[in-house]
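Trainee: Chains as they are written, first to last, in our numbering: chain Y, 1 to 458; chain V, 1 to 458.
Protein chains: 2
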Amino acid sequence: MKEYIEIHRERFLEELKDFLRIPSVSANPAYSDDIYKASKFLISAMEEMGIQAEEFSAGGHPIVYGNIHVNDELPTVLIYGHYDVQPADPIELWDTPPFEPTIRDGKIYARGACDDKAQVYLVLKALETMLADNSLECNIKLMFEGEEEVGSCTLESFICSHKSMLSADAFLICDTFMESENQPAMINSLRGICYAEITVSGAPEDLHSGMLGGVIINPLTVLCSMLGKLKSEDHQILIPGFYDGISNVEDDDLDFVVDADLASFQAGESGFSAYKRMTIRPTLDVHGVSGGYSGEGPKTVIPSKVSAKVSMRLVEGQDEKIVFSQLENYINLLAPKEVAVQLKKMAGSNAVQTKIDSIACQSADYALETVFGNKPVYQKIGGTIPVVSMVKQHLNLDPILMGFGLDSDNIHGPNEHFHISNFFRGIETVSLFIKTYGQNKKKDIQANHLTYNLNTQL
Amino acid sequence: MKEYIEIHRERFLEELKDFLRIPSVSANPAYSDDIYKASKFLISAMEEMGIQAEEFSAGGHPIVYGNIHVNDELPTVLIYGHYDVQPADPIELWDTPPFEPTIRDGKIYARGACDDKAQVYLVLKALETMLADNSLECNIKLMFEGEEEVGSCTLESFICSHKSMLSADAFLICDTFMESENQPAMINSLRGICYAEITVSGAPEDLHSGMLGGVIINPLTVLCSMLGKLKSEDHQILIPGFYDGISNVEDDDLDFVVDADLASFQAGESGFSAYKRMTIRPTLDVHGVSGGYSGEGPKTVIPSKVSAKVSMRLVEGQDEKIVFSQLENYINLLAPKEVAVQLKKMAGSNAVQTKIDSIACQSADYALETVFGNKPVYQKIGGTIPVVSMVKQHLNLDPILMGFGLDSDNIHGPNEHFHISNFFRGIETVSLFIKTYGQNKKKDIQANHLTYNLNTQL
Chain Y
1 MKEYIEIHRE RFLEELKDFL RIPSVSANPA YSDDIYKASK FLISAMEEMG IQAEEFSAGG
61 HPIVYGNIHV NDELPTVLIY GHYDVQPADP IELWDTPPFE PTIRDGKIYA RGACDDKAQV
121 YLVLKALETM LADNSLECNI KLMFEGEEEV GSCTLESFIC SHKSMLSADA FLICDTFMES
181 ENQPAMINSL RGICYAEITV SGAPEDLHSG MLGGVIINPL TVLCSMLGKL KSEDHQILIP
241 GFYDGISNVE DDDLDFVVDA DLASFQAGES GFSAYKRMTI RPTLDVHGVS GGYSGEGPKT
301 VIPSKVSAKV SMRLVEGQDE KIVFSQLENY INLLAPKEVA VQLKKMAGSN AVQTKIDSIA
361 CQSADYALET VFGNKPVYQK IGGTIPVVSM VKQHLNLDPI LMGFGLDSDN IHGPNEHFHI
421 SNFFRGIETV SLFIKTYGQN KKKDIQANHL TYNLNTQL
Chain V
1 MKEYIEIHRE RFLEELKDFL RIPSVSANPA YSDDIYKASK FLISAMEEMG IQAEEFSAGG
61 HPIVYGNIHV NDELPTVLIY GHYDVQPADP IELWDTPPFE PTIRDGKIYA RGACDDKAQV
121 YLVLKALETM LADNSLECNI KLMFEGEEEV GSCTLESFIC SHKSMLSADA FLICDTFMES
181 ENQPAMINSL RGICYAEITV SGAPEDLHSG MLGGVIINPL TVLCSMLGKL KSEDHQILIP
241 GFYDGISNVE DDDLDFVVDA DLASFQAGES GFSAYKRMTI RPTLDVHGVS GGYSGEGPKT
301 VIPSKVSAKV SMRLVEGQDE KIVFSQLENY INLLAPKEVA VQLKKMAGSN AVQTKIDSIA
361 CQSADYALET VFGNKPVYQK IGGTIPVVSM VKQHLNLDPI LMGFGLDSDN IHGPNEHFHI
421 SNFFRGIETV SLFIKTYGQN KKKDIQANHL TYNLNTQL
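#1: For the structure I just gave you, are there three or more beta carbon pairs, one from the region 162-171 of chain Y and one from the region 4-24 of chain V, closer than 8 Å?
#2: Would Y/Cys224 count as contacting chain V if we go by Cβ distances under 8 Å?
#3: Taking the C-alpha atoms as reference points, what is the distance between V/Phe242 and V/Val323?
#4: Name the DSSP bridge partner or partners of Y/Thr76?
#5: Only counting the same chain, and skipping five residues up and downstream in sequence, which positions put a Cβ closer than 6 Å to that of Y/Glu156?
#6: So if DSSP puts Y/Gln86 in a beta bridge, which residue, or which two residues, is it bridged to?
#7: Just to confirm my understanding: we take V/Ile359, look at its own chain, exclude 5 residues before and 5 after, and list those with CB closer than 6 Å. What are they?
#8: Quick check: is the beta carbon of Y/Asp261 nearer than 8 Å to any beta carbon in chain V?
#9: Which one or two residues does DSSP pair with V/Thr102 in a beta bridge?
#10: May I ask you to verify whether the region 419-428 of chain Y touches the region 202-220 of chain Y, counting CB pairs closer than 8 Å and requiring at least 3?
#11: Tell me, please, whether the CB atom of Y/Tyr293 is closer than 8 Å to any CB atom in chain V?
#12: Counting C-beta neighbours from all protein chains within 10 Å, is the total for Y/Arg11 16 or more, i.e. buried, or is it exposed?
#13: Once you ignore the five residues that flank Y/Asn218 on each side, which residues in its own chain have a CB closer than 6 Å to its CB?
#14: Less than 8 Å between the C-beta atoms of V/Val341 and V/Asn332, yes or no?
#15: Would Y/Tyr31 pass as an interface residue toward chain V - the criterion being a Cβ-Cβ separation below 8 Å?
#16: Between the alpha carbons of Y/Gln362 and Y/Ser225, how many angstroms are there, rounded?
#17: Determine the direct distance from the alpha carbon of V/Lys355 to that of V/Val430, and round the result to whole angstroms.
#18: Smallest Cα separation from Y/Leu406: which of Y/Phe144, Y/Ser349, Y/Ala118?
#19: Beta carbon of V/Lys345, beta carbon of V/Thr279: below 8 Å?
#20: Threshold first: 4 residues or longer. Then list the alpha helix (DSSP H) segments lying entirely within the region 394-423 of chain V, N to C.
#21: Kindly list, in the order they appear in chain Y, the residues whose Cβ is closer than 9 Å to that of V/Gln52.
#22: Could you check where the beta strand (DSSP E) with Y/Arg313 kicks off and where it finishes?
#23: Please name the residue, chosen from V/Leu230, V/Ile216, V/Pro184, that lies closest to V/Ala367 on a Cα-to-Cα basis.
#24: Given V/Ala126, which residues of its chain have a CB within under 6 Å of its CB, disregarding the five upstream and five downstream residues?
#25: Give the secondary structure of Y/Ala170 by DSSP, where H, G and I count as helix, E and B as strand, and everything else as coil.
#26: My assumption, with CB atoms under 8 Å, is that V/Gly146 sits in contact with V/Tyr83. Please give the rounded CB distance.
#27: Measuring CB to CB, does Y/Ile223 end up less than 8 Å from Y/Ala308?
#28: Is the beta carbon of V/Ile216 sitting closer than 8 Å to the one on Y/Val258?
#29: Kindly confirm or deny that the region 383-403 of chain V and the region 91-100 of chain V touch, where touching means at least three C-beta pairs closer than 8 Å.
#30: Specify the secondary structure class of V/Gly426 as computed by DSSP and reduced to three states.
#31: Going along chain Y in order, which residues have a C-beta closer than 8 Å to the C-beta of V/Glu269?
#32: Can you find a CB in chain Y that lies within less than 8 Å of the CB of V/Ala335?
#33: Using three-state DSSP, classify V/Asp285 as helix, strand or coil.
#34: Where do the N-terminal and C-terminal ends of the beta strand (DSSP E) with Y/Asn188 fall, by residue?
#35: What are the residues of the region 429-451 of chain Y that lie near chain V, defined by any Cβ-Cβ distance shorter than 9 Å?
#36: Can you find the residues in the same chain that come closer than 8 Å, C-beta to C-beta, to Y/Met130, ignoring five residues on each side of it along the sequence?
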């Protein structure tokens, strides 16, 4: 395997560069041709390796699906990645153009280099390597979306309508970070999210506060008052029932120190360490308020309609649907009768735990340790990866979150890059994971089959 | 007098049309040449009548000052108006172009027809009429600004630095409304205002709520919580000391019914009628909140810096400077230590009462009744006219607010217009007011002089 990678090293890198040259920015409709070009690029790349590939759409950017069916007896691994990228702005802060990949100091610089194109491409090159030496002992399903950077808007509908096509035994995502350059990591748990837009409407048009202030309800004053009642001064979330179902289990309490420039802005729920507050405790944040007047100078408007964006990060034991209703009930309870209130759910995912003692996780752990020479550390992250919760819910698969980026790779920012060494170690790791998982799972199936036979004989 | 007006009727109207043709929109820098043209138009108009006229600037659009000095023994009337207009948008809703004045059904249609160009011009034509028949028994000072529609930003600085030039015995403003077409009105009281922008800053840059939610303070959550504590659910303002000094005097309680389409949005302080709540009770409104994310879709940002615009309408007994400090103290008290809070005063004016039994008011009352055949009604208005409070504070003059517009003239909206009959009745009324005031004030001065002489003889 290593030999094949060594021989084709330059070609792999050149192909990655071609992929990175496509400005597949999903947020900006001006790049829709490039989104299409990037999906076609993946399909061609897969077809060249002999992978059956096709394109699906659930109304948004194409979802590229690839399939390698070896035989029915083997377990199947579903692998996810995304080929869309963040906008490159501010372009003036890039040392080299974001869509002309450049190699410096062992790193490849380009928008999407780390998030997530190199990690998508190393998966493909791992598969090419295994197909080349006929060592693939798993069936493989590939699902690459083009809307991750804009909220994976249509992915859930695609998954729901293609459950049997996507069914698998293990689920791998390569879109996360290592602890440091030689220290691999796997994600242990992710928080979920319930994201709502609250709209408050009063009079049918904007009014003048001099003429009608004190007489007509002000929806913005009302909205601020309601938002002010979502959290107490000591950061307790006041939505009735919000904490129901959260077990206050003992947990590792890793040391976590925020960057020095953020030290004076630390705040949060008392009784929990910063580490716990950012990993296993739920939170609530107001992200923006719109309506009324926020331009220069004073304007004395009583706005007709205003809205706020609010999200809650959820932990194990919480259900995003229940939390959304709890918020809705609470807001309706707080709303004075003179306004109309409407809540719209903009995102919803439950928290997900990985099963670290599963065959899949243990295989990934073994592959990472073998390639990097260090056992992976397990991280809890406070963020949300929507696909994880969708796949858990609709395909009943626990994720393996194994990524090869570094925190310092500057994803979403200028001069995003990816360590070339990690690109090749990633290829090795993914290959070794698939191989190990295939073998372990086969043994496990045989053992279970044996147990089953034994049981039926009793 | 009537004869002169009758003879020059057509010319007066043609001159007004010329004035209305100038699109002196103060809010849009694209019209700065037109602002300049409008100020020059007024200066020429005044000079043609023999009024000494000049232009001043306190850093903003020109302030046009005119002076008619008859003799030192006579009282002086200062008259205010503004030559700037609101933008004409939405232009597509106008039946005829906003800057091509058109006469239909006895009304002249144009942007600025009512607010305030016809009311400025009728003052000039009243003066022309009096100068023509040599009946002017007052000294006159004219102050026409070009920034009323953008907050009279530099007027206060002009007034402060020209106190002796502007000193007078009476102060007339023609920029308000009659009760109905034949029912004149005068303004009895105006509310003041304290308008503040509250800025809350946290971490030096926007952060991700998945990564740092629950760990780093969210300035927007904090701001909403503070705004939520400004008013109680039953519309009491919770700023400590806010109501100090307000006398709960018995007052007329006129019936006030809001338009049918607003009926269900009525709300306010309990224990006071809608009329009192919109005239003699203070209020608080949040006008806008900026910062964070308010575009389409969900974004999980912990904003670095956010701000809100808040105004309070003030009544007799409140001082805008004290109210601003009370707000500042309260906000500082509410702010958690992890954020930095800054308050900026964007406008401040105290409430103003007119002295309805003064010689000036009684003269205006007499003039209105004589010309319109109906005694004027006295109105309290909830809004604020910044110049009134500036002139009261710096020149110690009580205002006479006598206007010839109608509520239905659609100022600030499409198809703004002014009744031509009121243009000519306005000319008559202003002339009669000046004449009556001059005579009454002279008698008063003589009487006081006599009293003084008698007193000194005792």
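Built from N, CA and C at the ideal position, the CB exists for glycine as well.
Mentor: By the coordinates alone:
#1: Judged by Cβ distances under 8 Å, the region 162-171 of chain Y makes no contact with the region 4-24 of chain V, as fewer than three pairs qualify.
#2: As a working note, residue 224 of chain Y is residue 224 in the first sequence. At least one chain V Cβ lies under 8 Å of Y/Cys224.
#3: Residue mapping note: residue 242 of chain V aligns to position 242 of the second sequence, counting from 1. Residue mapping note: residue 323 of chain V aligns to position 323 of the second sequence, counting from 1. Between V/Phe242 and V/Val323, the C-alpha separation is close to 6 Å.
#4: Residue 76 of chain Y sits at position 76 when you count from the first residue of the first sequence. BP columns for Y/Thr76 point to Y/Asn139.
#5: For the purposes of this step, residue 156 of chain Y is taken as residue 156 along the first sequence, with counting starting at 1. Taking Y/Glu156 as the centre and dropping the five residues before and after it, the same chain places the C-beta of Met390 closer than 6 Å to its C-beta, in chain order.
#6: Locating residue 86 of chain Y in the first sequence gives position 86, where the first residue counts as 1. In DSSP, Y/Gln86 forms no bridge with anything.
#7: For this step, residue 359 of chain V is matched to residue 359 along the second sequence. Hits under 6 Å: Asn440, Lys441, Asp444.
#8: Start at 1 with the first residue of the first sequence, and residue 261 of chain Y comes out as number 261. It does; some Cβ of chain V falls within 8 Å.
#9: In the second sequence, residue 102 of chain V corresponds to position 102, counting from 1. In DSSP, V/Thr102 forms a bridge with V/Tyr109.
#10: Pairwise C-beta distances place the region 419-428 of chain Y out of contact with the region 202-220 of chain Y, as fewer than three of them are shorter than 8 Å.
#11: Residue mapping note: residue 293 of chain Y aligns to position 293 of the first sequence, counting from 1. Taking Cβ atoms only, chain V reaches closer than 8 Å to Y/Tyr293, which makes this a yes.
#12: Here residue 11 of chain Y is taken as the residue at index 11 of the first sequence, counted from 1. Looking at its Cβ environment, which holds fewer than 16 other Cβ atoms inside 10 Å, Y/Arg11 is exposed.
#13: Here residue 218 of chain Y corresponds to residue number 218 of the first sequence, with the count starting at 1. Result list for Y/Asn218: Ile302, in chain order.
#14: Here residue 341 of chain V refers to the residue found at position 341 of the second sequence. Here residue 332 of chain V refers to the residue found at position 332 of the second sequence. Their beta carbons are under 8 Å apart, which means V/Val341 touches V/Asn332 by this criterion.
#15: Translated into positions along the first sequence, residue 31 of chain Y becomes position 31. Judged by the 8 Å Cβ criterion, Y/Tyr31 is not in contact with chain V.
#16: In the first sequence, the residue the question calls residue 362 of chain Y occupies position 362. In the first sequence, the residue the question calls residue 225 of chain Y occupies position 225. So the two alpha carbons sit approximately 50 Å from each other.
#17: Taking the second sequence and counting its residues from 1, the one referred to as residue 430 of chain V is at position 430. Taking the second sequence and counting its residues from 1, the one referred to as residue 355 of chain V is at position 355. Roughly 19 Å separates the two Cα atoms.
#18: The residue you call residue 406 of chain Y lines up with position 406 of the first sequence. When only C-alpha atoms are compared, the closest one is Y/Ala118.
#19: The residue given as residue 345 of chain V occupies position 345 in the second sequence. The residue given as residue 279 of chain V occupies position 279 in the second sequence. No, these two residues do not count as a Cβ contact at 8 Å.
#20: Not a single unbroken stretch of the alpha helix (DSSP H) spanning 4 or more residues falls wholly within the region 394-423 of chain V.
#21: Stepping through the second sequence from its first residue, residue 52 of chain V is reached at position 52. By Cβ distance, chain Y contributes nothing, its closest Cβ being about 34 Å from V/Gln52, past 9 Å.
#22: Residue numbering aside, residue 313 of chain Y sits at position 313 when the first sequence is read from its first letter. Y/Arg313 -> beta strand (DSSP E) spans 305-314.
#23: Here the question's residue 367 of chain V lines up with position 367 in the second sequence. That would be V/Pro184, whose Cα lies nearest to the Cα of V/Ala367.
#24: Start at 1 with the first residue of the second sequence, and residue 126 of chain V comes out as number 126. Taking V/Ala126 as the centre and dropping the five residues before and after it, the same chain places the C-beta of Ile427, Val430, Ser431 closer than 6 Å to its C-beta, in chain order.
#25: In the first sequence, the residue the question calls residue 170 of chain Y occupies position 170. In this structure, Y/Ala170 counts as strand in the three-state DSSP scheme.
#26: Position 146 of the second sequence, counted from the first residue, corresponds to residue 146 of chain V. Position 83 of the second sequence, counted from the first residue, corresponds to residue 83 of chain V. That belief holds up - the Cβ atoms of V/Gly146 and V/Tyr83 are roughly 6 Å apart, short of 8 Å.
#27: Taking the first residue of the first sequence as position 1, residue 223 of chain Y is located at position 223. Taking the first residue of the first sequence as position 1, residue 308 of chain Y is located at position 308. Reading off the sequence, residue 223 of chain Y comes out as Leu, not Ile. Pairing Y/Leu223 with Y/Ala308 gives a Cβ-Cβ distance under 8 Å.
#28: Indexing the second sequence from 1 puts residue 216 of chain V at position 216. Indexing the first sequence from 1 puts residue 258 of chain Y at position 258. For the 8 Å CB-CB criterion, V/Ile216 and Y/Val258 form a contact.
#29: No, the region 383-403 of chain V does not touch the region 91-100 of chain V.
#30: The residue you call residue 426 of chain V lines up with position 426 of the second sequence. Looking at V/Gly426 - three-state DSSP - the assignment turns out to be helix.
#31: Residue 269 of chain V sits at position 269 when you count from the first residue of the second sequence. For V/Glu269, the residues of chain Y that pass the 8 Å Cβ criterion are Gly214, in the order they occur in the chain.
#32: Sequence index remark: in the second sequence, residue 335 of chain V carries index 335 (1-based). No, V/Ala335 does not count as interfacial toward chain Y.
#33: Reading the second sequence from its first residue, position 285 is the one you call residue 285 of chain V. Three-state result, V/Asp285: strand.
#34: Stepping through the first sequence from its first residue, residue 188 of chain Y is reached at position 188. Residues 185-190.
#35: Answer set for the region 429-451 of chain Y: empty.
#36: Here residue 130 of chain Y refers to the residue found at position 130 when the first sequence is read from its first residue. Met1, Leu136, Ser431, Ile434, Lys435, listed in sequence order.
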